[in-house]
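First up is the structure itself, then whatever we jot down about it.
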Amino acid sequence: MNRLAVEIPGLSLKNPIMPASGCFGFGKEYSKFYDLNKLGAIMAKAVTPEPRYGNATPRVAETPSGMLNAIGLQNPGLDHVMANEMPWLERFDTPIIANVAGASEEDYVKVCARIGDAPNVKAIELNISCPNVKHGGIAFGTDPEVAYQLTKAVKAVASVPIYVKLSPNVTDIVPIAKAIEEAGADGLTMINTLLGMRLDLKTRKPILANGTGGLSGPSIKPVAIRLIHQVRAVSNIPIIGMGGVQTVDDVLEFLIAGADAVAVGTLNFTEPYICPNLIDALPARMDELGITTLADLKKERTNA
Numbered sequence: 000m001n002r003l004a005v006e007i008p009g010l011s012l013k014n015p016i017m018p019a020s021g022c023f024g025f026g027k028e029y030s031k032f033y034d035l036n037k038l039g040a041i042m043a044k045a046v047t048p049e050p051r052y053g054n055a056t057p058r059v060a061e062t063p064s065g066m067l068n069a070i071g072l073q074n075p076g077l078d079h080v081m082a083n084e085m086p087w088l089e090r091f092d093t094p095i096i097a098n099v100a101g102a103s104e105e106d107y108v109k110v111c112a113r114i115g116d117a118p119n120v121k122a123i124e125l126n127i128s129c130p131n132v133k134h135g136g137i138a139f140g141t142d143p144e145v146a147y148q149l150t151k152a153v154k155a156v157a158s159v160p161i162y163v164k165l166s167p168n169v170t171d172i173v174p175i176a177k178a179i180e181e182a183g184a185d186g187l188t189m190i191n192t193l194l195g196m197r198l199d200l201k202t203r204k205p206i207l208a209n210g211t212g213g214l215s216g217p218s219i220k221p222v223a224i225r226l227i228h229q230v231r232a233v234s235n236i237p238i239i240g241m242g243g244v245q246t247v248d249d250v251l252e253f254l255i256a257g258a259d260a261v262a263v264g265t266l267n268f269t270e271p272y273i274c275p276n277l278i279d280a281l282p283a284r285m286d287e288l289g290i291t292t293l294a295d296l297k298k299e300r301t302n303a
């Protein structure tokens with residue numbers, strides 16, 4: 000018995016830990032450090048129908064307990080990803096969650112209809128919550144009716160389960176989560192970054208060329224835990240949680256809050272071994288806390 004195994008729609012995970020989209024590329028750089036077969040899954044970089052060159056630089060700024068970014072969904076486009084990145088990932092026995100973004104409903108539908116053809120893509124993460132693009136992104140994730148319509152549209156064409164990524168930059172996340180579930184989503188991922196800003200004292204202007212950026216890292220973990228707990232109370236579909244994960248205790252806290260699996264984002268940039276280290280450390284911490292399997296922990300949560 001694999002005590003770390005997690006079964007959620009489309010995904011048979013060896014363990015609950017995976018790198019978050021946007022912080023891992025397509026895995027090529029990290030494969031030089033460790034075997035990607037060790038990961039529960041890989042949430043690949045966002046893909047749009049056409050190549051995107053992203054926002055002007057500077058696009059990243061450090062904060063005391065995290066970072067701001069305004070990359071702007073830079074990616075090589077659907078054709079390149081299907082011809083080059085997905086075939087490269089086939090060498091690993093690790094499910095891929097393709098992240099799909101766009102500026103219109105047609106963009107999302109076009110990518111979702113095709114990207115599931117890659118044999119290793121087992122699910123899609125629908126990115127309707129990126130705060131760093133002028134068109135699309137968060138515009139789809141802040142209105143329950145728009146989120147419902149988009150989820151219905153991609154469910155009609157996708158050949159793999161759809162997980163929708165929720166934004167914390169809303170007044171109330173619950174109606175949006177419920178609308179997405181009613182539209183047929185197979186799961187949720189949460190949370191995306193919080194909108195933030197830093198200023199340069201010498202120029203008196205924003206450090207990021209975009210003005211604002213998405214705040215990630217340990218500073219947002221309490222917000223993520225609160226929102227996951229809030230959504231779990233009204234939703235029955237699986238949640239992949241993320242937002243400032245650094246330790247195995249963070250992983251377990253996300254699972255107790257209501258997540259079924261956990262993605263690690265910002266820390267990959269400074270600790271490239273963070274995901275395999277968490278996977279190795281998790282069983283011993285479970286022993287210390289009297290947790291036999293993650294499936295048992297989920298039952299305990301359900302019966303609470």
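Per numbering that gives the first Met the number 0, the sequence shown starts with residue 0, numbered consecutively. All C-beta atoms in this analysis are idealised placements derived from N, C-alpha and C, irrespective of residue type, glycine included. All of these numbers come straight from a predicted model, not from anything done at the bench.
Asked	Found
Indicate the three-state DSSP secondary structure (helix, strand or coil) for E28 in the structure shown.	coil
Can you tell me whether L198 is buried or exposed, with buried defined as 16 or more other CB within 10 angstroms of its CB?	exposed
Need the endpoints of the beta strand (DSSP E) that V110 sits in, please.	Per DSSP, V110 belongs to no beta strand (DSSP E); it is in the alpha helix (DSSP H), E104 to I114.
In three-state terms, what does DSSP make of I41?	strand
Along the chain, where does the beta strand (DSSP E) that runs through L67 open and close?	G65 to N68
If we ignore side chains and look at the alpha-carbon of each, how far apart do E180 and G186 end up?	8 angstroms
So for Y162, helix, strand or coil by DSSP?	strand
At which residues does the beta strand (DSSP E) containing A60 begin and terminate?	V59 to T62
Which residue wins for smallest C-alpha separation from L251, given the options L288, E49, V99 and Y272?	L288
Is there a C-beta anywhere in chain D that falls below 8 angstroms from the one on I16?	Annotation note: the requested chain D is absent from the structure, which comprises a single protein chain.
Where G304 and T291 are concerned, what is the direct C-alpha to C-alpha distance, given to the nearest angstrom?	Examination of residue 304 is not possible in this model, given that the chain is present from 0 through 303 alone.
Check this for me: beta carbons of V261 and F253, under 8 angstroms apart or not?	yes
Give the straight-line distance between the Cα atoms of K297 and I255, rounded to the nearest whole angstrom.	8 angstroms
By Cβ distance, which residues of its chain are closer than 6 angstroms to A152, with the 5 residues on each side in sequence left out?	E104 and V108
Decide if S234 is buried, meaning its Cβ has at least 16 other Cβ atoms within 10 Å, or exposed.	buried
Ignore the nearest five residues each way along the sequence and tell me which others in P48's own chain have a CB closer than 8 angstroms to its CB.	G76, L77, G101, D106, K109 and V110
Starting from the Cα of T211, find the closest Cα among C274, G71, D259 and H79 and give me that residue.	G71
Would you mind reading off the limits of the alpha helix (DSSP H) that contains E299?	L293 to N302
Specify the secondary structure class of M0 as computed by DSSP and reduced to three states.	coil
So, I239 versus D259, is the Cβ gap smaller than 8 angstroms?	yes
Should E84 be labelled buried (16 or more other beta-carbon atoms within 10 Å of its own) or exposed?	buried
Note down, in chain order, each residue of its chain lying with its Cβ closer than 7 angstroms to the Cβ of N36, except the 5 sequence neighbours on either side.	F91, D92 and T93
For N276, which of A19, Y33 and S64 has the nearest alpha-carbon?	Y33
When you compare only the Cα positions, how much space is there between K204 and P63?	19 angstroms
What is the DSSP secondary structure of A232, counted as helix, strand or coil?	coil
Who are L193's beta bridge partners in DSSP?	L214
Give a yes or no on whether the C-beta atoms belonging to V120 and I161 are separated by under 8 angstroms.	no
Compute the Euclidean distance between the alpha carbons of A19 and V263, then round it to the nearest angstrom.	5 angstroms
Under a three-way DSSP split, which group does I224 fall into?	helix
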